[in-house]
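Participant:
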Amino acid sequence: MKYISTRSREISCDGLRAVLAGMAPDGGLFLPESFDDIQFNYESCVNGCSTKEIATKVIGSILPDFENMKELVEKAYNGKFETEDITPLVKVGDNYVLELFRGPTSAFKDVALSMLPQLISAAKRQTGDSKKTMILTATSGDTGKAALEGFHDVPGVGIIVFFPENGVSEVQKLQMVTQQGNNVHVCAIKGNFDDAQTGVKKVFELASKDAKLLENTGTTLSSANSINIGRLAPQLTYYFKAYSDLVRQGRIKVGDEVDFSVPTGNFGDILAGYFAKRLGLPIGRLICASNANNVLTEFLTTGIYNRKRPFIKTTSPSMDILVSSNLERMLFLASNGDTQKVAGWMEELKNSGEYKVDGETLKNLQDTYFAGYCDDKTASAAIAKVFKNYGYVCDTHTAVAWNVAEQYAKSEKAAGKNPMVVLSTASPYKFPLAVLAAIEGTSKTECDEFEAMERLSKLSGTPIPPGLAGLRSKEILHKDTAEKNEITDYVLSKIKK
Ligand SMILES: *Cc1c(COP(=O)(O)O)cnc(C)c1O
């Protein structure tokens, strides 16, 4: 299948090379040339298949150039998740919570980042690529650890993770700086997530413009961020899985619509939902839920994307993002594949910090998405309410999606009858201080994150995930820091070492 850049149809390659490159050489992102050419029978996935069977079919349809998808899926997921079905669906009140955090690092990124190393290794084998692949990753907290977990000690691959020095939770930071493995580098950036992401994208651009940059290093670059199509493809699986569970439970019949509320940052998770819809899954509306960094809410309401606003640090740090990368893919799809328009908007964003889409594109977006946001206080109230009413503890990101799902249910756009699936992207134990404070009704909790985990465990009667409980006693292995304009130099120094 042919993949093209969102900014130019002239730039194309197959799925193997799209995964290996991570990003198109013109700064665009890779997408299948046409979704309409993908023949996919969603009904074959939603009547009793296991999650791995669904993954094999769905990922195989988006990335058909990969051989032995079944084996890759098996290797990716075998024994790594707490539950056999990988992403359990739990009924909470009238809603359904899709638990995506049962993997090794307790965040939804595990679903994709367990699979991506298999895809990259397979793509290298199939294309005969014998160079070393250096994976560059910018993280708002969760991608970093999940990528390190997936890529450490993978032969022929190295990984560098950049995280915002003061922009992640203590637990998230400890998860990264204690990572073992002989091919891993972790570096704190003096800046926010957008600075880290922009710095990483710049390395890709430099490397594609200037062949000399990596000459004689025997190394090529790739990405573990959701700019890589190999990150997105595995994320389609759980939309089908949730739908299948609703059919199995008798809540819906095959063909009925389901709505999904998605806590959104870089627009990768929710875009996977849109891909699932394009493959035929009967999705009613996708709810784009943001925290106080509500650039997407404004955009999907007005058509104006404006990143010139204060970067707000919230209790849902994995969504503290003002430049949402995957929106570029959605713009391509909503403008009916108009690469010129997309390239123009991205140029405006880079130069002036804002752009406005045309009316037709906006209408296409609004037909699919409902957008809303909630601040920390409202999210905290949602955690408290869900615990009080249903005895269920959700994390700060999930709480945002829960609240915006409620906003949607009250709005005139709601069809009213569709079941609502709220995507739960992290374990509450990853953000224990904020979650405990919400449940105990205090503005701040006077204990450290590990004591908060213990108290949360007692209150809720659920176990602390082993990967988090053991963090306190682990040795700190990574202490590098860099200014935001030193990212290229840092990468080159690690590659040349
Ligand atoms: C990454 C992340 C998100 C945002 O997902 P995107 O694909 O970037 O939109 C939401 N919640 C958590 C816990 C995350 O780690």
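At position 390 of the sequence shown (counting the first as 1) the number is 390 in my numbering, and the numbers step up by one without a gap. For glycine and all other residues, C-beta sits at the position ideal for the given N, C-alpha and C.
1. Under the criterion of a Cβ to heavy atom distance below 6 Å, does Met-319 qualify as lining ligand 1?
2. As an exercise, report each continuous alpha helix (DSSP H) stretch of at least 4 residues that is fully enclosed by the segment 123–169, in chain order.
3. Would you give the residue range spanned by the beta strand (DSSP E) that Glu-354 belongs to?
4. Does the Cβ of Ala-426 lie closer than 6 Å to at least one heavy atom of ligand 1?
5. Any idea what DSSP makes of Pro-88, helix, strand or coil?
6. According to the neighbour-count rule (16 or more other Cβ atoms, all chains shown, within 10 Å of its Cβ), is Gly-284 buried or exposed?
7. Per DSSP, Cys-288 forms a beta bridge with which residues?
8. Within 10 Å of its beta-carbon, does Leu-331 have 16 or more other beta-carbons around it, so buried, or fewer, so exposed?
9. Counting beta carbon pairs with one atom in the segment 99–110 and one in the segment 134–146, are three or more of them shorter than 8 Å?
10. Indicate, with yes or no, if ligand 1 has a heavy atom lying under 6 Å from the CB of Ala-399.
11. Tell me the residue span of the beta strand (DSSP E) that contains Pro-32.
12. Who are the near neighbours of Ile-464 in its chain, counting only those whose CB is closer than 6 Å to its CB and skipping five residues on each side?
13. Counting pairs of Cβ atoms below 8 Å between the segment 433–442 and the segment 388–408, do you hit three or more?
14. Rounding to the nearest angstrom, what Cα-Cα distance links Asp-142 and Ser-318 in this structure?
15. Taking a contact to mean a Cβ-Cβ separation below 7 Å, would you say Thr-264 touches Cys-288 in this structure?
16. Taking buried to mean at least 16 other C-beta atoms within 10 Å of its own C-beta, is Ser-244 buried or exposed?
17. Is Pro-463 near ligand 1, in the sense that its beta carbon is under 6 Å from a heavy atom of that ligand?
18. What separation, rounded to the nearest whole angstrom, lies between the Cα atoms of Ala-469 and Lys-209?
19. Within 10 angstroms of the Cβ of Asn-389, are there 16 or more other Cβ atoms? Answer buried if so, exposed if not.
20. Going by DSSP, name the residue or residues bridged to Thr-481.
21. Using only the alpha-carbon positions, how far apart do Asn-192 and Asn-41 sit?
22. Ends of the beta strand (DSSP E) at Thr-220?
23. Return the chain-ordered list of same chain residues with a C-beta closer than 8 Å to the C-beta of Thr-127, the five sequence neighbours on each side being excluded.
24. Measure the beta-carbon distance from Tyr-379 to Ser-316 and round it to whole angstroms, keeping in mind my assumption that it falls under 8 Å.
25. May I ask whether a heavy atom of ligand 1 can be found less than 6 Å away from the beta carbon of Asn-266?
26. Could you spell out where the alpha helix (DSSP H) holding Asn-389 opens and where it closes?
27. Whose C-alpha, out of Lys-52, Thr-301, Val-247 and Lys-190, is nearest the C-alpha of Leu-236?
28. Would you decide whether Pro-164 is buried or exposed? Buried here means 16 or more other CB atoms lie within 10 Å of its CB.
29. Given this structure, state the Cα-to-Cα distance separating Cys-187 from Glu-257, to the nearest angstrom.
30. Considering Cα atoms alone, identify which of Gly-250, Val-58 and Leu-477 is closest to Tyr-238.
31. If you draw a straight line from the alpha carbon of Lys-496 to that of Gln-118, how long is it in whole angstroms?
32. Going by CA-CA distance only, name the one from Val-161, Ala-371, Ala-438 and Lys-212 that's closest to Glu-412.
33. According to DSSP, is Glu-486 part of a helix, a strand, or is it coil?
34. Count the other CB atoms within 10 Å of the CB of Gln-340; is the residue buried (16 or more) or exposed (fewer)?
Facilitator: The answer reads as follows:
1. Yes - ligand 1 has a heavy atom lying nearer than 6 Å to the Cβ of Met-319.
2. Annotation: the segment 123–169 contains the following complete segments of the alpha helix (DSSP H) (minimum length 4 residues), in chain order: 142–151.
3. 354–356
4. yes
5. coil
6. buried
7. Val-262 and Ala-371
8. buried
9. yes
10. Flag unset: Cβ of Ala-399 not near ligand 1.
11. Per DSSP, the unbroken beta strand (DSSP E) holding Pro-32 starts and ends at 30–32.
12. Tyr-429, Met-453 and Ser-457
13. yes
14. 7 Å
15. yes
16. buried
17. no
18. Using only the alpha carbons, I get a separation of about 45 Å.
19. exposed
20. Ala-188
21. 42 Å
22. 219–223
23. Leu-16, Arg-17 and Leu-20
24. Just to set this straight, residue 379 is Ala in the shown sequence, not Tyr. Confirmed, about 7 Å.
25. yes
26. 376–390
27. Lys-52
28. buried
29. When rounded, the distance between both Cα atoms is 44 Å.
30. Closest option to Tyr-238, Cα to Cα, is Val-58.
31. 25 Å
32. With respect to the C-alpha of Glu-412, the residue from Val-161, Ala-371, Ala-438 and Lys-212 having the closest C-alpha is Ala-371.
33. helix
34. exposed
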